[in-house]
Amino acid sequence: MKTLHIDVAVIGAGSAGLPAFRAAKAAGASVVLIEGGAYGTTCARVGCMPSKLLIAAAEAAHAARRTAPFGVHVDGAVRIDGREVMARVKGERDRFVGFVVESTEGIPAEERLIGYAHFIDDNVLQVGDHTRVHAKSVVIATGSSPFVPPMYQVLGDRAIVNDDVFAWDDLPRKVAVIGAGVIGLELGQALAWLGVDVTMLGARGRVGPLSDPAIKGYAQQVFSESFRFEPHAQVEAATREGDSVHLRYRDSAGELRDDTFDYVLVTAGRRPNVDRLGLHNTTLELDARGVPTFDPVTLQAGKHPVFIAGDANDVLPLLHEAADEGRAAGENAARFPDVKPLVRRAPISAVFTEPGIAMVGARHADLTDDSFVTGEVSFEDQGRSRVMLRNRGLMHVYVDKASRRFVGAEWIGPDAEHIAHLLSWALQMNLTVDAMLAMPFYHPVVEEGLRTALRNAAAQLPKA
Ligand SMILES: Cc1cc2nc3c(=O)[nH]c(=O)nc-3n(C[C@H](O)[C@H](O)[C@H](O)COP(=O)(O)OP(=O)(O)OC[C@H]3O[C@@H](n4cnc5c(N)ncnc54)[C@H](O)[C@@H]3O)c2cc1C
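In terms of the working numbering, the sequence shown is residues 665 to 1128.
1. Count the C-beta pairs between the stretch 850-862 and the stretch 885-900 that are closer than 8 Å, then say yes if the count reaches three, no if not.
2. Considering only residues of the same chain and omitting the five flanking positions on each side of P981, which have a CB-CB separation below 7 Å?
3. Here's a check: name, in chain order, each residue in its chain whose Cβ is nearer than 8 Å to the Cβ of V1071, leaving out the five neighbours to either side.
4. The beta strand (DSSP E) that contains G1077, what's its start and end?
5. Could you give the first and the last residue of the continuous alpha helix (DSSP H) run that contains E766?
6. Quick one: using the 10 Å Cβ neighbour count with 16 as the cut-off for buried, is V1007 buried or exposed?
7. Under 7 Å between the Cβ atoms of G966 and E985?
8. In chain order, what residues of the same chain lie with their CB nearer than 7 Å to the CB of V839, ignoring the 5 residues before and after it?
9. Is R837 near ligand 1, in the sense that its beta carbon is under 6 Å from a heavy atom of that ligand?
10. How long is the line joining the alpha carbons of L851 and G711, rounded to whole angstroms?
11. If G681 sits next to V765, beta carbons under 8 Å apart, how far is it from one beta carbon to the other, in whole angstroms?
12. Does the beta-carbon of G1113 have 16 or more other beta-carbons within 10 angstroms, so that it is buried, or is it exposed?
13. Do E846 and V1015 have their CB atoms nearer than 7 Å?
14. Would you mind sorting M1103 into buried or exposed? The rule is 16 or more other CB atoms within 10 Å of its CB.
15. Any beta-carbon of chain C closer than 7 Å to the one on D861?
16. With hydrogens ignored, establish whether the beta-carbon of L1058 is closer than 6 Å to any heavy atom of ligand 1.
17. How many whole angstroms separate the CB atoms of A693 and V674, which I take to be in contact at a CB cut-off of 8 Å?
18. Within the continuous alpha helix (DSSP H) that includes V846, where are the two ends?
19. For the stretch 1048-1060 against the stretch 1075-1083, do three or more pairs of beta-carbon atoms, one drawn from each stretch, fall closer than 8 Å, so that the two count as touching?
20. Among R1068, A1084, P1005, A1066, which residue has its Cα nearest to the Cα of E1074?
21. Please state the DSSP three-state secondary structure of K689.
22. Quick check: the Cα distance between G990 and Q1124, rounded to an integer number of angstroms?
23. Kindly list the residues whose CB is nearer than 6 Å to the CB of P810, restricted to its own chain and excluding five residues on each side of it in sequence; keep chain order.
24. Could you check if T1116 is buried or exposed, using at least 16 other CB atoms within 10 Å of its CB as the buried criterion?
25. Since I believe A722 is in contact with W832 (beta carbons under 8 Å), could you give me their beta-carbon distance rounded to a whole number of angstroms?
26. Buried or exposed for N1094, going by 16 or more other Cβ atoms inside 10 Å?
27. Got a sec? Which residues, its chain only, sit under 8 Å from D1098 by beta carbon, not counting five neighbours each side?
28. Say the cut is 6 Å; is the CB of S1035 nearer than that to a heavy atom of ligand 1?
29. Rounded to a whole number of angstroms, what is the C-alpha to C-alpha distance between P1137 and M665?
30. Below 6 Å, is the gap between the Cβ of D623 and the nearest heavy atom of ligand 1?
31. Near G746, which residues of its chain fall below 7 Å by C-beta distance, leaving aside the five closest residues on each side in sequence?
32. Given the structure, does T706 come close to ligand 1, in the sense that its CB is under 6 Å from one of the ligand's heavy atoms?
33. Would L1086 and I879 qualify as a contact pair, given that the criterion is a beta-carbon distance under 7 Å?
34. Helix, strand or coil, according to DSSP, for E1018 in the structure here?
35. Which value, in whole angstroms, describes the spacing of the CA atoms of H798 and L777?
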């Protein structure tokens, strides 16, 4: 057994762990990066990148099917070759993964350990069966895994998660997607547009991350046009029948339905990877899920020299947040006990459906009643959106009554991912609605829709 004495041990070489490692090193610490699985990160291997590749293929198929209103006819049926679709998804994905692996393997071998790490006590980690690491500080950056409810676990290889989709060689015929969160919506719509017969069964009325009832209702309608969407379904039984799965469920109207699928794709949320960490061997205080309780501002677990970053802490399970948190955790771990707060950027998230969903700043559900006005725009008659026949969408922007500052937005609409950037930048700069309206808007662009929503909000406020 090898023994190592080190300033900082980073557990997990993902999107949080890699920047944590680099930040701790830059702060002058001796650091070791521990990875139990494959290098390459969740984002590149089975997350952000392959999902966007699948969506890109779906968008191509969708575009090819809807040329006729422009007077452009693609004569004959649009043919989707599932094998070619998956070959491109995997080929391009492997290219992205390759870059990450290369850069991770560029870290000197003596600063990397391969194997799963678990705590022996507060400052000692066992890595695989080969190394014992005595660390002054530890960064837990172990990511998250899909949660599969027990009723689907019995279905064997017919109950799949996002990782399995990106291992397919061909597209299946019929899939039930369990859960209408971000991953479910993205994969569900993409598969549907690629010709897979998709049924999406949500349980609690979720439509991605949306919390504004009006936007949620609109989005629900939009997705119902892409696939059978039951946001309030109750699955009563899931049974394996040969190579298929039989589901008995109550749909959103309470009607009992029976259907058979090739796969059940479970997108029912993700859970922090903490179960293999041996946290019970430490004096860290754990919450109900077994995650160390920690300060979301410093990422520090209690008073311990332990920091938790990325999906493992489940605060904002997004790539850019994982990277920012990793950097902050690495720096704090190296400088412990001189711990600094993490300065977060303005909240931004996007769902890569078409139309896209985006959220910026405060969620509608978290705003205090009467403290804000809501500016609205429908994209149905928005000039450029209509020109492009992408005129589906509804946007709400929230403006604080007292300060006139833009505080948040939720919407579904064309080019949402890009408009989300304008809005998050405005938010981070503390702009008022008046200052935002004083900015340039070109013509004709989808952003003119945003201007309409901002004008609508401003009109509800007393004259500036
Ligand atoms: C399908 C999908 C699509 C997504 N799309 C987007 C998107 O479009 N935009 C966006 O911002 N985010 C997206 N995300 C989220 C994003 O991928 C995550 O927020 C990000 O990957 C989290 O990084 P991380 O470092 O916390 O975890 P990871 O990258 O998963 O890294 C954790 C690492 O820790 C290792 N590990 C775990 N336990 C141990 C242990 N005990 N010992 C040693 N190593 C261990 C794991 O093997 C893993 O390599 C998506 C996620 C999914 C699943």
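Every residue, glycine too, gets a C-beta built ideally from N, C-alpha and C.
Here the structure is a predicted model, which is why all the values come from computation and not from measurement.
In terms of the structure at hand:
1. yes
2. Closer than 7 Å at Cβ, skipping near neighbours: S808, R934, D975.
3. G1025, A1026, L1031, F1036, Y1062, V1063, D1064, L1091
4. 1070-1077 is the extent of the beta strand (DSSP E) around G1077.
5. 746-769
6. exposed
7. no
8. L855, V860, V862, F925, D926, Y927, L929
9. Every heavy atom of ligand 1 is 6 Å or more from the Cβ of R837, so no.
10. 11 Å
11. So it is not a contact: roughly 14 Å between Cβ atoms.
12. Under a 10 Å Cβ-count criterion, G1113 is classified as buried, with 16 or more other Cβ atoms of the shown protein chains found around its own Cβ.
13. Note that residue 846 is Val in the sequence shown, not Glu. Yes, they are a contact pair.
14. exposed
15. Chain labels in this structure do not include chain C; a single protein chain is all it has.
16. Because no heavy atom of ligand 1 lies under 6 Å away, the Cβ of L1058 does not count as near it: no.
17. Between V674 and A693 the Cβ distance is about 10 Å, and since that is not below 8 Å, they are no contact.
18. 846-857
19. yes
20. A1084
21. helix
22. G990 and Q1124: Cα-Cα distance of roughly 42 Å.
23. V825, R934
24. buried
25. Not quite, the Cβ-Cβ distance comes to about 14 Å (not below 8 Å), so this is no contact.
26. exposed
27. If we look at D1098 and ignore the five residues flanking it on each side, its Cβ neighbours are R1068, A1122, A1128.
28. The nearest non-hydrogen atom of ligand 1 is 6 Å or more from the C-beta of S1035.
29. Limits of the chain in this structure are 665 at one end and 1128 at the other, which puts residue 1137 out of reach.
30. Only positions 665 to 1128 of the chain appear in this structure, which leaves residue 623 out of reach.
31. D834, L835
32. Closer than 6 Å to some heavy atom of ligand 1: that describes the Cβ of T706.
33. no
34. Of the three classes helix, strand and coil, the one that applies to E1018 here is coil, per DSSP.
35. Looking at the two C-alpha atoms, the distance is approximately 13 Å.
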